[in-house]
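Student: Take a look at the following structure, please.
There are 2 protein chains.
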Amino acid sequence: MDRELVLAALLRRLNTVSGLDDADIAAIRALPIAVRQWEAGRAIVADGSRPTECCLVIEGFCVRAKTTVSGQRQILSIHIAGEIPDLQNLHLHRMDHDLIAVVASTLGFISHASLRALTRARPNITEVLWRDTLIDAAIFREWIVNVGQRPAPSRLAHTVVELRRRLAITGRAAGDTFEMPLTQEQIGEALGITPVHANRIIRQLRDERIIDISRGRVAVLDEAKLAELAQFDDRYLHQDASL
Amino acid sequence: MDRELVLAALLRRLNTVSGLDDADIAAIRALPIAVRQWEAGRAIVADGSRPTECCLVIEGFCVRAKTTVSGQRQILSIHIAGEIPDLQNLHLHRMDHDLIAVVASTLGFISHASLRALTRARPNITEVLWRDTLIDAAIFREWIVNVGQRPAPSRLAHTVVELRRRLAITGRAAGDTFEMPLTQEQIGEALGITPVHANRIIRQLRDERIIDISRGRVAVLDEAKLAELAQFDDRYLHQDASL
DNA sequence: GCCGGTTCCCAACAAAGGTTAAGGAGGCGC
DNA sequence: GCGCCTCCTTAACCTTTGTTGGGAACCGGC
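In the order they appear, the protein sequences are chains A and B. Quick note, the working numbering runs 450 ahead of the 1-based positions in the first sequence. Quick note, the working numbering runs 450 ahead of the 1-based positions in the second sequence.
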C-alpha cells in the first residue's frame, strides 16, 4: 500500500499551521488505519447514523450531501485524497448528512477511540485537527455565497477553480486539465440548479471556449475568462497560516 | 452587569455535551471578559483583519456576511445572545468575512490568549468549544441547502423557524412572537434574493396568514402551515448530545 | 455484437425571481 | 412642525432558471 503517500498528503494538509513537532508526526504515523476499497456511488456514512470511525480519502472522490424531505439533494462539499470529510463526528456523534463515494475509491478508516487518545495526549494535534474542521466550515461559507449570490455560470466557474486549486496542492491538477468525476446531475446538485440547466451552462462555457467539462474531466481553455467569471479569492481556503 | 446571566447562557449552550465538571465551569467563569456597547450597523470584526480576541454576544443580534467582488452581500448566519460568532479565529487568524452588529448590542470580548490558556489547561473545555464550532458548521450546511434547494417562501420559513428554535432555548421566543431585527434588505441577503422579492414573499406569507414580519418582529399566525412550508428537521442543530 | 441502463444533449414552454422606477410611512434631528 | 433619511411597498417588464419530453451517445454485462 502507498500508505506513506497517503500520510504525506494528510500531513501536508494538516501542517499548514506548522504546529507539529517530530513526536506529533510520529504519533499520527502510528495511527491504525484500516484501508478498504469502496465502489462508486456507495454511501460511506449515512445521514442519521452514529459512526465510530473517521474516513480518510486515500484515492478517489467523495461528496457530502443532504436530501430534503421533498427529495431534493444538495451537495455540500467535494472531497479529494488526503482529506477527512467526517472528522466532525469525533464530537457530533450523529450524522446530519450523507458521505458518498462518487467514484471507486480507496478509503482509510481510523477509529474515534484512537483519534481521541491522540488528541488527549497531544494538544498540538488537537489544534491542527480543530483547525482542519474550521477550514471545512470556511469552505461551507464560501459555498453559501456561491449558491446564494452568483449566477449559474459563475457558480460553476467558482466551483471548478476551487477544486482545481485544492487538487493542485496535492499535485493532481498539473497543466490545464484535471479530474472532476461528477455527472451533470451531480454538478447541478452542487450548484443548486437542475441537471438540464447544468447542461445548458456547461455547453455555454464550452461554446465560449472557457472550460470544457466532459467525461469527468475539466479542461481549462481560457484562464483569463475563467478567472473573470469565477471571481475567485483564495483567502477562505486558509492555506497559509502566516497570512 | 448581568454577567451571571451571560455566563449562564454561554454555559448552557456549551454544556449540551455535558462534558464539563465543576472545575471546568469555574475556569470559564474566571475568564476575563471586557464588556462593550456596540451601535447598530457597526462592524465588530472586518473581513481581512487579524483579531486577537473573541466576541461573546451578551445582548442583541449579529450577523456574519461576505461581500463578493461585484458588491453583492450574502448573510451567512445570524447570532443571538450566548453565542461566540468568531470563535474560529482562535485557529484561523485571518477573517474571511465580516461580523456585524445589526442592532445596538452588548458584547463581551475575551482575548485569544486567555482562551488558549484555558484550552491548553483543560481538554474538556477544548472539546466543548471545538464541538461548538462544529455545530456552527452544521448550521452552515443547512444554510447551503436552504439557499440552494428551497423556493423563496420556504427559505424564509426555514430561517424563521431555525431562529425561533435557537431563541427558544434561551427563553427569548416564548409565545407566538419573537425578535428578528433584520430589514427586508437583510432578509434578502440572508436568503439570497433581492429586497424586492423579499418584500413580495413577506407580503405573501402575511396575506396567507402564516407569519407576519414587521418592525423587526415575527408573529407566527399558523403553526401548522409554517411547519409545512419550512420542512424543518432540527437534527442539524445538535442540541442534545445524547441523540 | 447486442441490449439495457445511465448519461448527455436539446428544444419549447412555464414559472420564479431580478430590475427599474416610484410613491408612501415612520423615525429623528433641528 | 418640517425636512430628511431609511425602510417599506408596489407595479411593469425582463432574464434566468425550472419543467416536460424527447432522442442520441456511451458503457458494462452477457
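C-beta atoms are modelled at their ideal positions from N, C-alpha and C, and glycine is treated no differently.
#1: Report the rounded CA-to-CA distance for residue 545 of chain A versus residue 535 of chain A, giving the unit in angstroms.
#2: Work out the CA separation of residue 585 of chain B and residue 620 of chain B for me, nearest whole Å.
#3: Name the residues in the stretch 575–606 of chain B whose C-beta lies less than 8 Å from a C-beta of chain A; which are they?
#4: Could you check how far apart the C-beta atoms of residue 506 of chain A and residue 581 of chain B are, in whole angstroms? I think they sit under 8 Å.
#5: Would you be able to state if there are at least three C-beta pairs under 8 Å between the stretch 460–475 of chain B and the stretch 488–498 of chain B?
#6: Can residue 503 of chain A and residue 555 of chain A be called in contact, C-beta distance under 8 Å?
#7: Suppose contacts are defined by Cβ-Cβ distances below 8 Å. Is residue 477 of chain A in contact with residue 572 of chain A by that definition?
#8: If you compare alpha carbons, which of A:455, A:461, A:551 is closest to residue 487 of chain A?
#9: Going by the beta-carbon positions, is the gap between residue 460 of chain A and residue 521 of chain A smaller than 8 Å?
#10: Return no unless some Cβ of chain B is closer than 8 Å to the Cβ of residue 549 of chain A.
#11: Which chain B residues sit within Cβ distance under 8 Å of residue 520 of chain A?
#12: Is there a Cβ from chain A that is less than 8 Å from the Cβ of residue 689 of chain B?
#13: Specify, as a first and last residue, the run of the alpha helix (DSSP H) that residue 673 of chain B falls within.
#14: Between which two residues does the beta strand (DSSP E) containing residue 548 of chain B stretch?
#15: May I have the straight-line CA-CA distance separating residue 723 of chain B from residue 529 of chain B, to the nearest angstrom?
#16: Would you call residue 607 of chain A buried or exposed, if buried means 16 or more other Cβ atoms sit within 10 Å of its Cβ?
#17: If you measure from the beta carbon of residue 665 of chain A to each beta carbon in chain B, is any gap under 8 Å?
#18: Please confirm whether residue 594 of chain A and residue 526 of chain B have their CB atoms less than 8 Å apart.
#19: Kindly indicate the opening and closing residues of the beta strand (DSSP E) around residue 529 of chain B.
#20: Skipping 5 residues on each side, what residues in its chain have a beta carbon closer than 6 Å to that of residue 680 of chain A?
#21: If you run the structure through DSSP and keep just helix, strand and coil, what is residue 587 of chain A?
#22: Name the two residues that bound the continuous beta strand (DSSP E) containing residue 514 of chain B.
#23: Closest to residue 628 of chain B by C-alpha separation, out of B:673, B:462, B:614, B:676, would be which residue?
#24: Do residue 583 of chain B and residue 655 of chain B count as a contact pair if the criterion is CB distance below 8 Å?
#25: Looking only at its chain, what residues have a beta carbon closer than 8 Å to the beta carbon of residue 777 of chain B, apart from the 5 residues adjacent to it on each side?
#26: For chain B, find out if any of its Cβ atoms is closer than 8 Å to the Cβ of residue 638 of chain A; answer yes or no.
#27: Which chain A residues are close to residue 675 of chain B, counting only those with a beta carbon under 9 Å from its beta carbon?
#28: Between residue 639 of chain A and residue 523 of chain A, is the Cβ-Cβ spacing less than 8 Å?
#29: When burial is assigned at 16 or more other CB atoms within 10 Å of the CB, is residue 462 of chain A buried or exposed?
#30: Is the beta carbon of residue 587 of chain A closer than 8 Å to that of residue 711 of chain A?
#31: Beta carbons nearer than 7 Å to chain A: which residues of the stretch 526–555 of chain B have them?
#32: Along chain B, in chain order, which residues have C-beta atoms closer than 8 Å to that of residue 462 of chain A?
#33: With a threshold of 16 other CB atoms inside 10 Å of the CB of residue 633 of chain B, please say whether the residue is buried or exposed.
#34: Whole angstroms are fine: how far does the CA of residue 579 of chain B sit from the CA of residue 469 of chain B?
#35: Which residue wins for smallest C-alpha separation from residue 663 of chain B, given the options B:564, B:673, B:652, B:672?
#36: Does DSSP classify residue 493 of chain B as helix, strand or coil?
Tutor: Taking the geometry as given:
#1: Between the alpha carbons of residue 545 of chain A and residue 535 of chain A lies a distance of about 12 Å.
#2: 17 Å
#3: 576, 577, 580, 581, 583, 584, 585, 586, 587, 588, 590, 591, 592, 593, 594, 595, 597, 598, 599, 600
#4: Not quite, the Cβ-Cβ distance comes to about 21 Å (not below 8 Å), so this is no contact.
#5: no
#6: no
#7: yes
#8: A:551
#9: no
#10: no
#11: 681
#12: no
#13: 673–680
#14: Counting along the chain, residue 548 of chain B sits inside the beta strand (DSSP E) bounded by residues 548–551.
#15: Since the first residue shown for chain B is 451 and the last is 693, residue 723 of chain B is missing from the structure and cannot be characterised.
#16: buried
#17: Taking Cβ atoms only, chain B never reaches closer than 8 Å to residue 665 of chain A, which makes this a no.
#18: Yes, the pair counts as a contact, with Cβ atoms nearer than the cut-off.
#19: Taken as a continuous stretch (DSSP letters only), the beta strand (DSSP E) holding residue 529 of chain B covers 523–529.
#20: 607, 608, 611
#21: helix
#22: 512–517
#23: B:614
#24: no
#25: A question about residue 777 of chain B goes unanswered here, because the residues of chain B that appear run from 451 up to 693.
#26: no
#27: Under the 9 Å cutoff, chain A gives no residues; its nearest Cβ is about 15 Å from residue 675 of chain B.
#28: Yes.
#29: Residue 462 of chain A should be labelled exposed.
#30: Residue 711 of chain A lies beyond the residue range present for chain A, which begins at 451 and ends at 693; the question has no answer from this structure.
#31: 526, 538, 541, 542, 543, 544, 546, 547
#32: Result: empty, since nearest Cβ-Cβ is about 18 Å, beyond 8 Å.
#33: exposed
#34: Cα to Cα, the separation comes out at about 11 Å.
#35: B:652
#36: DSSP, reduced to helix, strand and coil, places residue 493 of chain B within a strand of the structure shown.
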